[in-house]
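What follows is a short report on a single structure.
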Amino acid sequence: MPHKKHLGIGLVVGGALVAALFLSFIYVVPHGSSADVAPLWLGAIWAMLTMIWGIFRLAAGPSKLDHLHGGTDAGS
Numbered sequence: 038m039p040h041k042k043h044l045g046i047g048l049v050v051g052g053a054l055v056a057a058l059f060l061s062f063i064y065v066v067p068h069g070s071s072a073d074v075a076p077l078w079l080g081a082i083w084a085m086l087t088m089i090w091g092i093f094r095l096a097a098g099p100s101k102l103d104h105l106h107g108g109t110d111a112g113s
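In this text, residue positions in the sequence shown follow our numbering: the first is 38, and each later residue adds one.
Laid out in structure tokens, this is it:
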């Protein structure tokens with residue numbers, strides 16, 4: 038089985054979808070105060086960080102720690 042070349046595409050797509058979901062709740066659903074929106078911003082930020090990590094994985098390519106059958110080979 039060949040080594041995957043697009044390791045971060047799932048992180049980019051998943052992070053973008055989750056960020057869009059949280060941002061749509063922030064901007065579309067009416068809220069009483071700004072304190073109601075604060076937890077939603079945390080979810081949006083985590084999703085954006087996931088997306089950035091995926092972009093890094095796409096740019097950096099495969100790592101030496103990536104094992105062909107999943108997991109890592111850091112301990113072996």
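By construction, the Cβ of each residue, glycine as well, lies at the ideal position given by its N, Cα and C atoms. The structure displayed is predicted, hence computed values, not measured ones.
Bounding residues of the alpha helix (DSSP H) (the contiguous stretch that carries LEU54): 46 to 65
Less than 9 angstroms between the beta carbons of ILE89 and GLY52, yes or no? yes
What is the residue span of the alpha helix (DSSP H) that ALA96 lies within? 75 to 97
Given a cut-off of 9 angstroms on the beta-carbon distance, is the pair GLY91 and VAL49 in contact? yes
Apply the 10 Å Cβ neighbour rule to GLY45 and answer buried if 16 or more other Cβ atoms are within range, or exposed otherwise. buried
Kindly give me the distance between the Cβ atoms of ALA75 and PHE59, rounded to whole angstroms, as I take these residues to be in contact under 8 angstroms. That pair is no contact at about 12 angstroms.
Going by other Cβ atoms of all chains shown within 10 Å of its Cβ, with 16 needed for buried, is ALA56 buried or exposed? buried
Taking buried to mean at least 16 other C-beta atoms within 10 Å of its own C-beta, is ALA96 buried or exposed? exposed
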